[in-house]
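Residue numbers (the working numbering), protein chains in the order written: chain A, 32 to 264; chain B, 14 to 253. In this text, a Cβ means the ideal position worked out from N, Cα and C, and glycines have one as well. In what follows, a single structure is set out as structure tokens and then discussed.
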Amino acid sequence: MNYEFNWMLVLTGEYRDWIIKGLIITLKISGLSIVLSMLLGTIITTLRMTRIKILEWITISYIEFFRNTPLLIQLFFWYFGSYVVLPEVINQWLYAHNYEFAVGVVSLTIYTSAFIAEEIRAGILSIPKEQMEASRATGLSFIQAMSYVVLPQAFRIVIPTLISQFLNLLKNSSLAMTIGVMELTYMARQIESYSFRGFEAFTVVTLLYIAISLIISLGINIYNKKFLRMIKY
Amino acid sequence: MIKIENIHKWYGDFHVLQGISEHINSGEVVVICGPSGSGKSTFIRCINRLEDIQQGKIIVEGKDINSPETDINQLRAEVGMVFQQFNLYPHITVLKNITLAPMKAKKIPKKEAEKIAYELLERVGIHEQAHKYPAELSGGQQQRVAIARGLAMRPKVMLFDEPTSALDPEMINEVLNVMKDLAREGITMIVVTHEMGFAREVADRIFFMDYGKILEGGTPEHFFKNPQHERTKLFLKEIL
Chain A
32 MNYEFNWMLV LTGEYRDWII KGLIITLKIS GLSIVLSMLL GTIITTLRMT RIKILEWITI
92 SYIEFFRNTP LLIQLFFWYF GSYVVLPEVI NQWLYAHNYE FAVGVVSLTI YTSAFIAEEI
152 RAGILSIPKE QMEASRATGL SFIQAMSYVV LPQAFRIVIP TLISQFLNLL KNSSLAMTIG
212 VMELTYMARQ IESYSFRGFE AFTVVTLLYI AISLIISLGI NIYNKKFLRM IKY
Chain B
14 MIKIENIHKW YGDFHVLQGI SEHINSGEVV VICGPSGSGK STFIRCINRL EDIQQGKIIV
74 EGKDINSPET DINQLRAEVG MVFQQFNLYP HITVLKNITL APMKAKKIPK KEAEKIAYEL
134 LERVGIHEQA HKYPAELSGG QQQRVAIARG LAMRPKVMLF DEPTSALDPE MINEVLNVMK
194 DLAREGITMI VVTHEMGFAR EVADRIFFMD YGKILEGGTP EHFFKNPQHE RTKLFLKEIL
């Protein structure tokens, strides 16, 4: 093998700037999607637990539909499909702004929220039903009891599984390159096609993904340890 | 104040409540006793609609609690409840356990809610524990916090569902003493309990339940000295 590694090429100059740009986009798209999918997942689960039949039916369909179709298909669906379905005004606005990025966030959010909804539901089911009862008995509404009593406890229980959902989301964000979001993987691919330094570019990017993942899990675990200690039954 | 008109409830095929009618006046302390499975807990859980009834009517303060027009959250704010297993919220401090409902359901400002909470903690004798978490307290202390939590909404009625059954023997009295104080202050109380000493001392009336019915009800005097029903006599013989 007489390949000569040239790490400096990707760690300096224009290529380095590309990687940094890609990293920022990856962080933005993942961060935004994590927050939104948590919100959406929580809302979906809460609706599912209202015991109102029609809501139950809709939310179960939502979860099964988006959990059981490939993310890549969903990305393409929103990317090519939204043009047909959405009103012209919204399309124009989206094209004027960052259309690819928006589709990326929407797809990742919807896809991941279906998994998160199920994780949170498992958490809620593990909280003794007396907690809901006791809070309803004091006059709190269902939504208030959920928000202040049940969900805060459920979140802490499902944090480990939520972390793996967040990590999946981070890694899945690389698929957004297929619709032209210039995130980390897209940039690595671009460096490769300009310089044929695929090995170096993808190594650097790989290490960056690992670094972000570790920071996410470490951060949440520290938060978790700090607050979980009080929960005893 | 509370009017119960011929209520029936079924769990599937099981007829838990078989036609109960009673009238409970403001300020009255009513103790409900009876063997397990007799429907006592189900009965008081119907009064704040933690359980739904299938027939009959429950009127609290002039409001039919099962009517779709009744705001159930508002009604529950007027009917406090204390559970056998305390059911405190483990993730927040004692103080927050008490202030949560007043702040969220009644929109009382934090400062005021905390003032009420401290007063109540003083009243149940554990104000120094305000910033601890429920798991750091003994069972008796937890149950006293639960009573304070129920009182924080300034309810017109307090329901107690076997409040001392989950406690170690030496902690039962500290909870009963708090309840006796409440009874003397004139709060309307409905208490499911096996503590016959408590019933004798503070109850205005005692109901004896079995097979989903109130078999007999009367003053402690009448209940302990002159029970009419065979089933009551048998029950009293076993527990006294």
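{"Query": "Does any residue of chain B have a CB that is nearer than 8 Å to the CB of Pro101/A?", "Result": "no"}
{"Query": "Taking the C-alpha atoms as reference points, what is the distance between Met218/A and Ile50/A?", "Result": "6 Å"}
{"Query": "Please report whether the beta-carbon of Thr77/A lies at a distance below 8 Å from any beta-carbon of chain B.", "Result": "no"}
{"Query": "With distance defined between alpha-carbon atoms, name the residue in Glu231/A, Ser226/A, Val212/A nearest to Lys52/A.", "Result": "Val212/A"}
{"Query": "Report the residue from Val236/A, Trp38/A, Ser61/A, Leu71/A whose alpha carbon sits nearest the alpha carbon of Ile147/A.", "Result": "Leu71/A"}
{"Query": "Would you give the residue range spanned by the alpha helix (DSSP H) that Met192/B belongs to?", "Result": "182-198"}
{"Query": "Is the CB-CB distance between Ile66/B and Ile20/B below 8 Å?", "Result": "yes"}
{"Query": "Just reading off the beta strand (DSSP E) that Leu228/B is part of, what are its end residues?", "Result": "226-231"}
{"Query": "Which residues of chain A have a Cβ atom closer than 7 Å to the Cβ of Gln98/B, listed in chain order?", "Result": "Glu161"}
{"Query": "Out of Asn38/B, Lys117/B, Val204/B, Pro103/B, which has the shortest C-alpha to C-alpha gap to Arg167/A?", "Result": "Lys117/B"}
{"Query": "Which two residues bound the contiguous alpha helix (DSSP H) that contains Thr55/B?", "Result": "53-60"}
{"Query": "In whole angstroms, give me the CA-to-CA distance for Phe236/B and Gly230/B.", "Result": "7 Å"}
{"Query": "Which residues in chain B sit within 7 Å of Ala168/A, going by Cβ to Cβ distance?", "Result": "Asn61, Leu63, Arg89, Met94"}
{"Query": "Comparing C-alpha positions only, which one of Ile252/B, Glu243/B, Met202/B, Leu253/B sits nearest to Val44/B?", "Result": "Met202/B"}
{"Query": "Rounded to the nearest angstrom, what separates Glu214/A and Gln123/A at their Cα positions?", "Result": "23 Å"}
{"Query": "Using 8 Å as the threshold, is the C-beta distance between Gln142/B and Gln156/B below it?", "Result": "no"}
{"Query": "For Phe173/B, which residues in the same chain have their Cβ closer than 6 Å to its Cβ, ignoring the five residues on either side in sequence?", "Result": "Val95, Val204"}
{"Query": "What in chain A is Cβ-close to Ala114/B, meaning under 7 Å?", "Result": "Thr169, Gly170, Leu171"}
{"Query": "Rounded to a whole number of angstroms, what is the C-alpha to C-alpha distance between Met222/B and Leu133/B?", "Result": "32 Å"}
{"Query": "Starting from Met116/B, trace the alpha helix (DSSP H) both ways and give me its first and last residue.", "Result": "107-118"}
{"Query": "With distances taken Cα to Cα, identify the nearest neighbour of Ser172/A among Pro115/B, Lys123/B, Leu195/B.", "Result": "Pro115/B"}
{"Query": "Spatial neighbours of Ile15/B within its chain, please: C-beta separation below 6 Å, excluding the five flanking residues on both sides.", "Result": "Ile37, Val73"}
{"Query": "What residues are listed by DSSP as bridge partners for Gln31/B?", "Result": "His21/B"}
{"Query": "With distances taken between CB atoms, is the gap from Ser34/B to Glu175/B smaller than 8 Å?", "Result": "no"}
{"Query": "Is His104/B close to chain A, meaning its C-beta is less than 8 Å from at least one C-beta of that chain?", "Result": "yes"}
{"Query": "From the beta carbon of Pro191/A, is the nearest beta carbon of chain B less than 8 Å away?", "Result": "no"}
{"Query": "Compile a chain-ordered list of the residues in the stretch 139-167 of chain B whose CB is closer than 9 Å to at least one CB of chain A.", "Result": "Tyr146, Pro147, Ala148, Glu149, Ala159, Arg162, Gly163, Ala165, Met166"}
{"Query": "Would you check if there are 3 or more beta carbon pairs closer than 8 Å linking the stretch 135-149 of chain A to the stretch 87-104 of chain B?", "Result": "no"}
{"Query": "Helix, strand or coil: which one does DSSP assign to Gln175/A?", "Result": "helix"}
{"Query": "From the DSSP secondary-structure annotation, give me the bridge partner or partners of Leu172/B.", "Result": "Met94/B, Ile203/B"}
{"Query": "DSSP on Met163/A, reduced to helix/strand/coil?", "Result": "helix"}
{"Query": "So, is the C-beta of Ile85/A closer than 8 Å to a C-beta in chain B?", "Result": "no"}
{"Query": "For Tyr46/A, count the other beta carbons within 10 Å of its own beta carbon; 16 or more makes it buried, fewer makes it exposed. Which is it?", "Result": "buried"}
{"Query": "Is the Cβ of Asn79/B closer than 8 Å to any Cβ of chain A?", "Result": "no"}
{"Query": "Between the alpha carbons of Ile74/A and Ser68/A, how many angstroms are there, rounded?", "Result": "10 Å"}
{"Query": "Anything in chain A within Cβ reach of Asn38/B, meaning under 9 Å, just list it in chain order.", "Result": "Here the premise fails: no neighbours, minimum Cβ distance about 22 Å."}
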